[in-house]
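Remarks on the structure that follows.
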Amino acid sequence: MRDFAKPLRTMLYVPANKEDWVRKAPKYGADALILDLEDSVPVPEKETARRIVSRLVPELFAESVTVFVRVNSLDTGLTGEDIKFAMSKCLYAITLPMVRGPQDIVEVDKMLTDAEKLNGVPEGSVLIDPGLETATGLRDAYEIGRASERVAHMGAGGGRGGDIARAVGYRWTPEMTETLFLRSKVLLDARASGSPYPVTGLWQDIHDHEGLRKFALNSRNLGYTGMTVIHPSHVPIVNDIFSPSKEEIEEWKGLITAMDQVRSVGGAAVSYQGEMVDIAHEKTAIQMLDMARKLGLIVD
Numbered sequence: 003m004r005d006f007a008k009p010l011r012t013m014l015y016v017p018a019n020k021e022d023w024v025r026k027a028p029k030y031g032a033d034a035l036i037l038d039l040e041d042s043v044p045v046p047e048k049e050t051a052r053r054i055v056s057r058l059v060p061e062l063f064a065e066s067v068t069v070f071v072r073v074n075s076l077d078t079g080l081t082g083e084d085i086k087f088a089m090s091k092c093l094y095a096i097t098l099p100m101v102r103g104p105q106d107i108v109e110v111d112k113m114l115t116d117a118e119k120l121n122g123v124p125e126g127s128v129l130i131d132p133g134l135e136t137a138t139g140l141r142d143a144y145e146i147g148r149a150s151e152r153v154a155h156m157g158a159g160g161g162r163g164g165d166i167a168r169a170v171g172y173r174w175t176p177e178m179t180e181t182l183f184l185r186s187k188v189l190l191d192a193r194a195s196g197s198p199y200p201v202t203g204l205w206q207d208i209h210d211h212e213g214l215r216k217f218a219l220n221s222r223n224l225g226y227t228g229m230t231v232i233h234p235s236h237v238p239i240v241n242d243i244f245s246p247s248k249e250e251i252e253e254w255k256g257l258i259t260a261m262d263q264v265r266s267v268g269g270a271a272v273s274y275q276g277e278m279v280d281i282a283h284e285k286t287a288i289q290m291l292d293m294a295r296k297l298g299l300i301v302d
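In this note's numbering, the protein residues as written are 3 to 302.
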């Protein structure tokens with residue numbers, strides 16, 4: 003199931019009840035859109051939002067847009083109906099908020115399987131992005147990642163005053179030190195559980211682009227491959243941070259060439275750009291070039 007996953011630098015939230023916003027969203031250049039049925043949609047408009055999702059997911063897919071739908075959490079009793087309207091062969095994934103533990107993933111996996119069968123969608127093709135916004139969810143991130151092969155994008159955020167801050171009790175600062183452990187811990191859990199493209203979230207101050215750049219760079223340096231965003235102006239900044247540079251791509255290519263050359267004369271390690279490298283570094287270079295190709299940054 004995780005074979006369907008793709009690297010995503012930016013995932014832009016769009017309220018699903020705002021049809022005109024949804025239709026405009028592809029032009030901002032995010033790698034994926036998250037049509038939100040949860041917090042940004044008032045309860046009286048949930049039904050309208052579902053019908054908009056049902057109509058627009060196929061339309062967006064036809065425009066080559068990767069689409070997530072953020073459903074309502076299991077404790078609301080709305081999740082099953084959300085999935086029913088969202089399900090389509092054009093749907094890439096659902097984002098499940100307020101995950102409490104692996105049992106939530108198992109339950110939603112079954113809901114997705116039933117909906118896939120009902121709609122003629124290949125079983126297991128819709129992925130799950132777990133929203134780790136509870137203390138138990140953050141603590142049990144590894145078990146959550148292992149609960150289903152559908153989990154391909156998982157990570158921890160560290161926003162100001164939201165669900166995670168309330169659950170953990172931290173006081174947010176722009177330096178991000180109070181959330182560094184959470185983001186690092188969940189990143190390791192995601193990698194260890196087999197989630198290939200961990201994504202962190204989000205920067206709330208829509209005007210503080212310098213703070214956004216610092217947060218995105220910090221997350222990239224930790225090992226995240228992308229992040230969620232809430233404003234179109236954040237998309238190009240985050241795309242830039244999570245895109246391998248031309249210099250990095252050339253370095254990886256050169257390292258692979260150097261390893262090929264040393265192997266041709268019976269060697270297994272070589273001095274490259276002043277450092278000793280071997281097959282472990284070559285494997286990393288191959289993996290990073292593969293991701294760059296999937297992002298469309300390399301055309302062979």
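Ideal Cβ positions, reconstructed from N, Cα and C, are used throughout, including at glycine.
Computed from a predicted model, the values in this text were never measured in an experiment.
ask   = Can you tell me whether DSSP reads V69 as helix, strand or coil?
value = strand
task = Determine the contact status of I96 and V71, defining contact as a CB-CB distance below 8 Å.
result = yes
message = Alpha carbons only, please: which of S266, A294, M293, M261 is nearest the one belonging to M278?
response = M261
query = Could you give the residue range of the beta strand (DSSP E) that holds A117?
reply = Careful: A117 lies outside any beta strand (DSSP E), inside the alpha helix (DSSP H) at 104 to 121.
query = Quick one: what's got a C-beta closer than 7 Å to A167's C-beta in the same chain, skipping five residues either side?
reply = G161, W174
request  = Would you decide whether R53 is buried or exposed? Buried here means 16 or more other CB atoms lie within 10 Å of its CB.
outcome  = exposed
inquiry  = Between the alpha carbons of I258 and L297, how many angstroms are there, rounded?
reply    = 20 Å
ask   = Short check: CB of P238 to CB of G31, under 8 Å?
value = yes
task = At 4 residues or longer, and completely inside the segment 207 to 267: list those alpha helix (DSSP H) runs for me, N to C.
result = 211 to 224, 237 to 243, 248 to 266
message = Only counting the same chain, and skipping five residues up and downstream in sequence, which positions put a Cβ closer than 8 Å to that of R222?
response = I243, F244
ask   = Considering only residues of the segment 38 to 86, which uninterrupted beta strand (DSSP E) runs meet the minimum length of 3 residues and lie entirely inside it, listed in chain order?
value = 68 to 72
query = Between A88 and V55, is the Cβ-Cβ spacing less than 8 Å?
reply = yes
Where the beta strand (DSSP E) containing M278 begins and where it ends = 277 to 279
task = Determine the contact status of P132 and E40, defining contact as a CB-CB distance below 8 Å.
result = no
query = By Cβ distance, which residues of its chain are closer than 6 Å to D38, with the 5 residues on each side in sequence left out?
reply = Y15, P17, A18, R72
query = Would you say the segment 150 to 165 touches the segment 183 to 197, given that touching needs at least three Cβ pairs under 8 Å?
reply = yes
key: Selected residue, minimal CA-CA separation from T136, among I146, V67, P124   = I146
task = Could you work out which residue in E47, M13, A7, D5 is closest to A218 when comparing CA atoms only?
result = M13
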